[in-house]
Amino acid sequence: MSRVCELTGKKAMVGNNVSHAMNKTKRKFDANLIKKRFYIPEEDKWVTLKIATSTLKTINKIGITAALKEAKAKGLYK
Numbered sequence: 002m003s004r005v006c007e008l009t010g011k012k013a014m015v016g017n018n019v020s021h022a023m024n025k026t027k028r029k030f031d032a033n034l035i036k037k038r039f040y041i042p043e044e045d046k047w048v049t050l051k052i053a054t055s056t057l058k059t060i061n062k063i064g065i066t067a068a069l070k071e072a073k074a075k076g077l078y079k
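Residue 2 is where the sequence shown starts when you use my numbering, and the numbers rise one by one after that.
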C-alpha cells in the first residue's frame with residue numbers, strides 16, 4: 002500500500018541529501034503517517050485510516066465527520 006494520507010492526499014516529496022562538501026544526492030521525504038481508528042457516530046461504525054499526523058491535528062480541531070466530508074468533496078475518500 003502506498004504511503005499517502007487517505008484524507009489529504011499528502012505523499013512523499015523528493016529532495017537532496019547535502020553533504021558538508023555540498024555534494025547532492027537524491028532522497029525522499031516520506032509523509033509522517035500513522036494508522037488510526039475513528040468512531041463515526043452518524044454511521045455507528047469504526048473506520049481505520051492511514052493519515053498524516055498534521056491531519057490528525059485537523060481532525061481534532063474540526064471533527065472526523067467534517068474532515069471526511071471535505072475529503073469526499075475533493076475525491077480523496079470513497
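Cβ coordinates follow ideal geometry from the N, Cα and C atoms, glycine included.
Classification of Ile-52 by the beta-carbon crowding that lies within 10 angstroms, buried from 16 upward: Here residue 52 refers to the residue found at position 51 of the sequence shown. Result: buried.
From Lys-29 to Gly-16, what distance separates their C-alpha atoms? The residue you call residue 29 lines up with position 28 of the sequence shown. The residue you call residue 16 lines up with position 15 of the sequence shown. Computed Cα separation, rounded: 6 Å.
Using the Cβ count rule (16 or more neighbours within 10 Å means buried), how would you classify Ala-22? Your numbering for residue 22 matches position 21 in the sequence shown. Per the 10 Å Cβ criterion, exposed.
Could you compute how far the alpha carbon of Trp-47 sits from the alpha carbon of Tyr-78? As a working note, residue 47 is residue 46 in the sequence shown. As a working note, residue 78 is residue 77 in the sequence shown. So the alpha carbons of these two residues sit roughly 15 Å apart.
Quick check on Ala-32: buried or exposed, where buried means 16 or more other Cβ atoms within 10 Å of its Cβ? Here residue 32 is taken as the residue at index 31 of the sequence shown, counted from 1. It is buried - the Cβ of Ala-32 has at least 16 other Cβ atoms within 10 Å.
Simplified DSSP state of Lys-58, which is helix, strand or coil: Numbered from its first residue, the sequence shown carries residue 58 at position 57. In the structure shown, Lys-58 sits in a helix (DSSP, three-state: H, G or I).
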